[in-house]
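Undergrad:
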Amino acid sequence: MSHLHSVAKPAIASFNNFELKLDFEVSKKDNGSEARRDRREVIKPSSPAPHDRLQLSLLDLTCPAIYVATTFLYKSTARESPEIISRRLKISLSETLSHFYPLAGRQDGLSICCNDEGVIFTEARTDLLLSDFLRNLSTDSLAAFLPEIEQGESAGTWPLLRVKVSFFGSGSGIAVTVGISHQICDATSLLTFVQGWAATAKGTTTSTCTPHFAGATIYPPPDTSFKSPSIDDVYELQGKCVTNRLVFKSSKIDELKCKAASESVRTPTRVEAIMSLIWRCAANASRSNSVSPKPTVMTQAMDLRLRIPSNVLPQDSMGNLQTCFFVKKGAESELEIDEMVADFRKTKEEFSEMIKENLQGCDNDTTNITTTTLGQNLLTAMGDFVSECYKPDVDLYTMSSWCKKPFYEVDFGWGNPVWMGPASHTVYDNMVFVVLIDSKDGEDVEAWVGLPEQDMPVFLCEQDLLAYAVLNPPVLI
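The following block contains the structure:
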């Protein structure tokens, strides 16, 4: 089922007065001192893949070859040893991979070779208590929970899935980090996989059906001459970026929604209001550092599963099943939050209407329809966005909302996570992005914001931002 592979170097992250060092095995150096290292294995599916190949879509291959990664932190309640927990997680991972079998394969050109090659599973330990880590949480500290990418490994080839399980000191808690190649999955797909794995580990799985990998159902496959863009092609205009975590309390969100309201949008959603505020403050920060102001663009990801009937696209479908719309403001435009929200709502509704029009032939009695028209129209719209926005003289802010997605319900047997957060930014430090996530109580919202390093200090001093958000508060458990 698994075999031991080469080991990685210990991961170290510093924050405030703490240094988080995750390590596992102890060996002796030549001078007799101790050296610690993570334990790293390849986990293979428990049964052979039912199909040899998975065709990738044009959108899949246009996504950058990066890992979409999320870290879940759990307070330990069981009295199981790390060895027993690790064994249970590896066995259940193997069983889960038999249903999500393309994730255990290798990307080979324009498709996935479903060869059961396996996924990376890494273990580590730290003496630090979970409560101390959360009380002194920093965005950079999540790097210690990510499995290292070794030479010859890539999200664009193998492994397509990486897992790291980290045990906190004195049995105080566990971190589970899962990263999936963006060229096969989006964030919703990652959540679907983790839910399936957790249910198997806990012994509560109620279905053994294999999720549908549906990326090429909506979007057409590429022709044989297609060449995927490199990470540098996608992010070369951004330069080095830094990430910060902001928390919007529910009472402040209500105040912000009132400020963002207008005649055309009387009741903004919390996502519309927060995204528009962050966009405004980030654009102002950029303008303050520029000789001349640039046009500014906000792009928002849209989950197609929420907009296409489930008989066409089931909710548990796997793949890059999303599109995006964008809103642009001119270099000299006034960045008023109510106008930005109104533009946000108008463009979102136009996109939703276009999707509905393309699905008019679909009803509850139809299980198969041709989605070529929809996919082509969405690709055309996104192509217009790329040609309009990926320019050196345009400030682009890529935004995504994970709100209302049940990340906090992922239970491996230790209860729900006490905290979770995205972790991709700790590997790729040239990403301008905004991700919104519900807090554990479902009322507050966390915003993870990555901006060019010269803009971030100005952004964090924006009075409009500070009126509604708190910078990186501790997580108390």
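The sequence shown maps to residues 502 to 978 in my numbering.
We put the beta carbon where it would ideally sit given N, CA and C, even for glycine.
The structure presented is a predicted model; accordingly, all values stated were derived computationally and were not measured.
1. Just to confirm my understanding: we take proline 918, look at its own chain, exclude 5 residues before and 5 after, and list those with CB closer than 7 angstroms. What are they?
2. Three-state secondary structure (DSSP) at leucine 977?
3. Contact defined as beta carbons within less than 8 angstroms: I believe leucine 647 pairs with lysine 665. What is the distance between those atoms, to the nearest angstrom?
4. Going by Cα to Cα distance, which pick from Ser577, Lys741 and Cys564 is closest to asparagine 821?
5. Taking its Cβ as the centre, do 16 or more other Cβ atoms sit within 10 Å of glutamate 851, making it buried, or is it exposed?
6. Using only the alpha-carbon positions, how far apart do leucine 897 and isoleucine 586 sit?
7. With distances taken Cα to Cα, identify the nearest neighbour of leucine 778 among Phe749, Arg806 and Lys847.
8. Indicate the three-state DSSP secondary structure (helix, strand or coil) for tryptophan 920 in the structure shown.
9. Between the stretch 843-850 and the stretch 885-901, can you find at least three pairs of beta-carbon atoms closer than 8 angstroms?
10. For leucine 966, which residues of its own chain have a beta-carbon under 8 angstroms away from its beta-carbon, when the five flanking residues on both sides are left out?
11. What does phenylalanine 886 pair with, by DSSP beta-bridge criteria?
12. Leaving out five residues on either side along the sequence, give the residues of the same chain with a beta carbon under 8 angstroms from the beta carbon of phenylalanine 827.
13. Do you know offhand how far methionine 776's Cα is from methionine 841's?
14. Alpha carbon to alpha carbon, what distance is there between glycine 831 and tyrosine 969?
15. Quick one: residues in its chain with C-beta nearer than 6 angstroms to the C-beta of glutamine 816, no 5 flanking neighbours on either side, listed in chain order?
16. Please state the DSSP three-state secondary structure of aspartate 804.
17. Look at threonine 623 and arginine 541 and say whether their C-beta atoms are less than 8 angstroms apart.
18. Quick check on the burial criterion: 16 or more other C-beta atoms within 10 angstroms. Buried or exposed for proline 907?
19. I'd like the span of the alpha helix (DSSP H) that includes glutamate 756, first residue to last.
20. Between proline 923 and valine 933, how many whole angstroms is the CB-CB distance? I'm expecting something under 8 angstroms.
TA: Taking the structure as given:
1. On the sequence shown, position 417 is the one that residue 918 refers to. Excluding positions up to five away in sequence, the list reads Phe573, Leu574, Tyr575, Tyr909 and Val911.
2. For the purposes of this step, residue 977 is identified with residue 476 of the sequence shown, where counting begins at 1. Coil.
3. Within the sequence shown, residue 647 is the residue found at index 146, counting from 1. Within the sequence shown, residue 665 is the residue found at index 164, counting from 1. That belief holds up - the Cβ atoms of leucine 647 and lysine 665 are roughly 6 angstroms apart, short of 8 angstroms.
4. Locating residue 821 in the sequence shown gives position 320, where the first residue counts as 1. The option with the nearest alpha carbon to asparagine 821 is Cys564.
5. On the sequence shown, position 350 is the one that residue 851 refers to. Exposed, because fewer than 16 other Cβ atoms sit within 10 Å of the Cβ of glutamate 851.
6. The residue labelled residue 897 in the question sits at position 396 within the sequence shown. The residue labelled residue 586 in the question sits at position 85 within the sequence shown. For leucine 897 and isoleucine 586, the distance between alpha carbons rounds to 43 angstroms.
7. Counting from 1 along the sequence shown, the entry for residue 778 is found at position 277. The candidate whose alpha carbon is nearest that of leucine 778 is Phe749.
8. Taking the sequence shown and counting its residues from 1, one reaches residue 920 at position 419. Looking at tryptophan 920 - three-state DSSP - the assignment turns out to be strand.
9. no
10. On the sequence shown, position 465 is the one that residue 966 refers to. Leu747, Leu778, Ile779, Cys782 and Phe960.
11. Here residue 886 refers to the residue found at position 385 when the sequence shown is read from its first residue. According to DSSP, which records beta bridges pairwise, phenylalanine 886 is partnered with nothing at all.
12. Against the sequence shown, residue 827 aligns to sequence position 326. For phenylalanine 827, where only same-chain residues beyond five positions count, the Cβ hits under 8 angstroms are Val798, Met799, Thr800, Gln801, Thr848, Phe886, Glu889 and Cys890.
13. Taking the sequence shown and counting its residues from 1, the one referred to as residue 776 is at position 275. Taking the sequence shown and counting its residues from 1, the one referred to as residue 841 is at position 340. Between methionine 776 and methionine 841, the C-alpha separation is close to 9 angstroms.
14. Position 468 of the sequence shown, counting from 1, holds the residue named residue 969. Position 330 of the sequence shown, counting from 1, holds the residue named residue 831. Cα-Cα distance, rounded: 26 angstroms.
15. For the purposes of this step, residue 816 is taken as residue 315 along the sequence shown, with counting starting at 1. Excluding positions up to five away in sequence, the list reads Arg806.
16. Looking up residue 804 in the sequence shown gives position 303. Aspartate 804 falls in the strand class under three-state DSSP.
17. Stepping through the sequence shown from its first residue, residue 623 is reached at position 122. Stepping through the sequence shown from its first residue, residue 541 is reached at position 40. Contact: yes.
18. Looking up residue 907 in the sequence shown gives position 406. It is exposed - the Cβ of proline 907 has fewer than 16 other Cβ atoms within 10 Å.
19. Indexing the sequence shown from 1 puts residue 756 at position 255. That run of the alpha helix (DSSP H) goes 751-761.
20. Within the sequence shown, the letter at position 422 stands for residue 923. Within the sequence shown, the letter at position 432 stands for residue 933. Going by Cβ atoms, the distance from proline 923 to valine 933 rounds to 14 angstroms, so no, they are not a contact pair.
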